[in-house]
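Encoded as structure tokens, the structure appears first; notes follow it.
Numbering (this note's numbering), first residue to last: 93 to 204.
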């Protein structure tokens, strides 16, 4: 409904004109969930973990990942926990919030 497929420049222009002229169809609850970060994270975990892992270990991994996600969303905890040697030395205040966010995300990915 909200996705237009095209195979040529002419079709692209027609699809773009239509998309700009019309209101998008509202997303269903299922579509909204499928486009969420939670669903994307689940798809990532499902693609990484193969069937060779024990189910109990998979449940533990997912539980720990969910816990990490919840804790990382707490601003107080994010600001309090040092991210590396530069942060412990007091370099946090001189960095922008975006730099800190990227560093946290990279650290979280490397822990997986």
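For every residue, glycine included, the Cβ atom is placed at its ideal position computed from N, Cα and C.
| Query | Result |
| --- | --- |
| Delimiting residues of the alpha helix (DSSP H) encompassing residue 133 | 129-140 |
| Collapsed DSSP secondary structure at residue 98 in the structure displayed | coil |
| Backbone CA spacing between residue 129 and residue 103 [nearest angstrom] | 31 Å |
| Sequence-distant residues of the same chain with beta carbon closer than 8 Å to residue 127, five excluded per side | 119 |
| Delimiting residues of the alpha helix (DSSP H) encompassing residue 117 | No alpha helix (DSSP H) contains residue 117, which DSSP labels as neither H nor E. |
| Residues near residue 123 in its chain [Cβ-Cβ closer than 6 Å; skip 5 each side] | none |
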